[in-house]
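Peer 1: Position in the sequence shown counted from 1, then plus 14, gives you the working numbering.
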Amino acid sequence: MALFVVTLRLPETFDEEFVAVIPRHRAFVSSLIEENVVLSYAISADRSRGWVTMQGPDAETVRNVVEQFPLYRFMQQVEIDELFVFDSVATRLPKISLN
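See the structure below:
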């Protein structure tokens with residue numbers, strides 16, 4: 015499967031309707047993490063952008079999953095880029111401890 019990074023542009027202000035959907039959105043993303051569809055999920059400190067690393071057969075499949083995000087209708091912009099390299103601490107073998 016290919017790896018993709020999804021860049022999300024969030025609204026400038028969060029109204030009550032947006033805030034009310036956050037718990038459902040987080041539960042959905044958590045289930046995708048458990049299913050190894052989402053590998054990482056991050057929101058900027060100013061809450062204006064987000065980045066989701068996902069795996070899937072193609073960009074269209076990834077877009078279909080993103081469109082199911084409960085907060086999708088509030089997103090100002092969504093970009094999907096296929097990755098050539100994805101390296102992180104989480105993808106490496108654990109360090110061996112001699113203790």
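Every residue gets a Cβ at the ideal spot worked out from N, C-alpha and C, and that includes glycine. In this text, all values refer to a predicted model and were calculated from it rather than measured experimentally.
(1) How about VAL76 and MET68: are their beta carbons less than 8 Å apart?
(2) Quick check on the burial criterion: 16 or more other C-beta atoms within 10 angstroms. Buried or exposed for LEU22?
(3) Counting C-beta neighbours from all protein chains within 10 Å, is the total for PHE83 16 or more, i.e. buried, or is it exposed?
(4) Since LEU17 and PHE100 should fall inside the 8 Å C-beta cutoff, what is the C-beta to C-beta distance between them, to a whole number of angstroms?
(5) Taking 7 Å as the cut-off, is the C-beta of LEU17 nearer than that to any heavy atom in the ligand HEM?
(6) With distances taken between CB atoms, is the gap from GLU93 to ALA73 smaller than 8 Å?
(7) Where does ILE110 fall in DSSP's three states?
Peer 2: The short version:
(1) yes
(2) buried
(3) buried
(4) 5 Å
(5) Although the ligand HEM was asked about, the structure shown includes no ligands whatsoever.
(6) no
(7) coil
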